[in-house]
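In our numbering, the protein residues as written are 54 to 645.
Note that the Cβ used here is the ideal one computed from N, Cα and C, for glycine as well.
This report concerns only the one structure given below.
See the structure below:
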C-alpha cells in the first residue's frame with residue numbers, strides 16, 4: 054500500500070465550514086438535518102501520474118455511517134477487482150487490489166448511499182478525478198435522468214453510463230472477459246446486459262448529473278437504476294432508459310443528455326395462482342397485472358377443462374371489486390371435488406408483453422361452497438377522479454361482490470345540503486355501475502351517495518286496536534365525499550418549445566400523487582382545464598404509440614428512445630388560469 058499523502062482541502066473557505074461541523078460523534082443537542090460535506094480529499098483534484106493503485110481518501114465535516122453500500126461508490130473506467138471501504142469517524146478510505154491501467158483518467162463517484170450518523174445522505178454526488186498518465190481527459194457531459202417519485206421516496210437515484218463503441222474496445226482490458234470464447238473476437242457494439250459502462254456516474258435527487266474525465270469516442274448512452282450496485286444493467290429487475298441516439302463525443306460536443314427510465318423486463322406474462330372466492334367464481338393471479346382489453350375479457354378466452362376433456366366457459370369476466378384481479382363467473386357450476394385445468398389463451402400486460410403459452414394453465418380442484426347463498430352486495434364505492442376532492446365531471450362508481458344476474462331492486466340517491474334526489478345508474482360490467490348524474494357536481498359541498506330500500510313496519514294501533522303495515526323508504530349511506538372548492542379550481546396552459554403535434558405533456562400532483570395528461574397541438578400548445586391548485590412536476594415527451602409514458606427505448610430488441618424534457622422547477626399552480634412560462638424560473642428546455 055502506498056504511503057498516504059496529506060489531504061487537499063476540497064473547497065475554498067473550508068476553515069469556516071469546519072468551524073461549524075460536528076467534530077465528534079453526536080451525543081445530543083438539536084437534531085442534525087444537514088447532509089455530510091466533503092472537507093478534504095486525496096488525491097488532489099485532477100492529479101496526474103498517480104500510481105497504478107486505487108487509494109482514495111475523503112474526510113467529511115462530521116462522522117459518517119460505517120456501513121457504505123456498494124451502490125454508493127463507482128469508478129470509471131471499471132476495474133477488475135472489488136473495491137473495499139474503510140470508515141473511521143469522519144474518514145472514508147477506498148482501496149482495491151486491482152491494478153489501474155497506465156495512462157488512464159479515472160473518475161471515482163461518491164453518491165447518496167453515504168450517510169451521516171443521523172441518516173442524512175450526501176446531497177449531491179462527489180467526484181474525484183485523477184490520471185495514471187501525464188494528462189487528464191478533460192471532456193464533460195451534463196444532463197438529466199427521469200427520477201420517478203417512487204425513487205425519490207426510496208432515495209434510490211439512477212446511474213448514467215457511456216458504453217464504448219467501435220474498434221477502441223479492443224484496447225480495454227476490462228472487456229477481455231466478454232470476448233468470444235472460440236475466436237477471441239470482441240464485438241464492436243457493447244453488450245449492454247453483460248458488460249459495465251466505460252464511464253459511469255450517479256444522478257442527484259432531481260436527476261441531474263455530470264460525467265467528467267471523458268475521452269473522445271463513440272458511445273451508447275444508457276441510464277439505469279443500479280439497485281444492487283454491481284455497475285451493470287439488469288433489465289429484469291431495474292428501470293432502464295436508452296438515449297435518443299449514439300453519441301460521438303469530442304471537444305465540440307454541446308449535447309445535454311436527457312434520458313427517461315422505463316421497465317425493460319422482456320419476460321412474458323405467466324399465470325401464477327388461482328383462488329375460489331365464491332361458489333361460482335375463480336380468481337386468477339398473473340405475474341403482472343393483466344391489461345383488461347376485449348381480447349382478454351372474451352368469454353371464450355379462458356376455460357376449465359375437465360378430466361373427460363369437456364370444456365366449461367365463464368359467463369362473465371371482470372375485475373374483482375377490491376382485489377382488482379381477473380375473475381371468472383361460471384353460470385354452469387363445475388362438478389365439486391373434480392380436478393380441472395384452467396387455461397387462458399391470450400393475455401398481455403400494460404407494456405404489451407404477451408402471455409407465455411408454456412405457463413398459461415393451472416390445475417384446480419373445484420370446491421363446493423354451500424354457504425355462499427347470499428345475494429350480491431355492494432363491496433366498494435368510489436369516485437374516479439384525479440384529486441382527493443371530487444371535480445365537477447368526476448365519475449361515481451359502485452361495485453358488487455359478485456355479478457348481478459337480475460335487474461337491480463334497490464334505488465339510489467344523491468343528497469346535497471339535505472336535498473335528496475334519485476339518480477339513475479348504468480351497468481358498465483358484470484359487477485360495476487356508473488351513477489348517471491344529470492348535472493356536474495357543484496363545488497364546495499358535501500355529497501352523500503345513498504342506497505334506498507323498502508322497510509316494512511307496523512303503524513301505531515288505531516282506536517279499534519288495528520295496526521296497519523307501513524312500507525317506508527329508508528336510506529343506507531354508501532359514500533360521503535367533498536367536492537373541490539371553487540377557490541381551488543385551476544387551469545394551466547402553455548406552449549412547449551420545439552414540440553410537434555402529438556407530443557404529450559404530463560402533470561404530476563405532488564399532493565394527490567396522480568397524473569394528468571394533455572396532448573400538444575401543431576404549435577406545441579397544450580391546456581389542463583380541470584386541475585386543483587397545488588404543487589406539480591411537469592414533463593413533456595414523445596410516447597410510443599398506444600402508451601402514455603415517455604419512450605425510453607428498448608434493450609431487446611435494441612431501440613433508441615425518444616426525446617423527453619422537464620424543467621427543474623416544481624411549479625406552483627394557483628386558483629384560476631396559469632401560464633407555464635410564468636411559473637418557471639428559467640426558460641423551458643426545447644423538445645427536439
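Between residue 382 and residue 544, the alpha-carbon positions lie close to 44 Å from each other.
Between residue 595 and residue 616 the beta-carbon gap is near 6 Å, inside 8 Å, which marks them as a contact.
Here the stretch 447-463 makes contact with the stretch 369-378; the two share three or more CB pairs at distances below 8 Å. Judged by their CB atoms, residue 461 and residue 476 are not nearer to each other than the 9 Å cut-off. If you look at residue 588, you'll find it in the beta strand (DSSP E) that goes 587-594.
Sequence-distant Cβ neighbours of residue 151 in its own chain, meaning closer than 7 Å and more than five residues away, are 107, 132, 133, 134.
Looking at 380, 335, 387, 353, the one whose alpha-carbon comes closest to that of residue 359 is 387. Taken in chain order, the unbroken stretches of beta strand (DSSP E) that lie wholly in the stretch 216-300 and span 3 residues or more are 252-255, 261-267, 270-277, 292-295. Non-local C-beta neighbours of residue 123 in its own chain, meaning closer than 7 Å and more than five positions away in sequence, comprise 282, ordered along the chain.
Secondary structure at residue 325: strand, using DSSP grouped into helix, strand and coil. Under the rule that a run must span 3 or more residues, the beta strand (DSSP E) segments found entirely inside the stretch 481-534 read 485-489, 499-511.
Measuring C-alpha to C-alpha distances from residue 445 to each of 494, 315, 162, 164 identifies 494 as the nearest. Assigned with DSSP and collapsed to three states, residue 559 falls in strand.
With distances taken between CA atoms, residue 161 lies nearest to 95 out of 422, 95, 218.
Residue 448 is bridged by DSSP to 437.
In the DSSP assignment, residue 195 falls within the unbroken beta strand (DSSP E) covering 192-198. Beyond the five residues adjoining it in sequence on each side, residue 408 comes within less than 7 Å, by CB distance, of 321, 322, 397, 399, 400, 401 in the same chain, given in chain order. The shortest CA-to-CA distance from residue 641 to any of 627, 618, 629, 628 is the one to 618. By the Cβ criterion, the stretch 327-342 is not in contact with the stretch 287-302, since fewer than three pairs of Cβ atoms, one from each stretch, lie closer than 8 Å. With at least 16 other beta carbons inside 10 angstroms of its own, residue 175 counts as buried. Between residue 99 and residue 183, the C-beta gap is smaller than 9 Å, which places the two residues in contact. Three or more Cβ pairs drawn from the stretch 193-201 and the stretch 254-263 lie within less than 8 Å of each other, which places the two stretches in contact. Residue 511 is classed as exposed because its beta carbon has fewer than 16 other beta carbons within 10 Å across all chains shown. Each residue's CA atom was taken as its position, placing residue 227 and residue 241 some 14 Å apart.
Residue 144 carries a strand assignment under DSSP once its states are collapsed to helix, strand and coil.
Bounds of any alpha helix (DSSP H) do not take in residue 376, whose DSSP letter is neither H nor E. Apart from the 5 residues on each side of it in sequence, residue 201 sits with its Cβ closer than 8 Å to the Cβ of 292, 314 in its chain, given in chain order. Across the set 225, 250, 252, the C-alpha of 225 shows the shortest separation from the C-alpha of residue 239.
Residue pairing by DSSP leaves residue 86 without any beta bridge partner. For residue 203, the secondary structure class from DSSP, reduced to helix, strand or coil, is helix. For the options 170, 581, 567, the alpha carbon positioned closest to that of residue 573 is the one of 581.
In the three-state scheme derived from DSSP, where H, G and I count as helix and E and B as strand, residue 123 is classed as helix.
Beta-bridge partners assigned by DSSP to residue 475: 466.
Taking a 10 Å sphere around the C-beta of residue 158, we find 16 or more other C-beta atoms and assign the residue as buried. Put simply, the backbone Cα of residue 356 is about 10 Å away from that of residue 368.
Between residue 302 and residue 192 a beta carbon distance of about 6 Å is seen, short of the 8 Å cut, so the two are scored as contacting.
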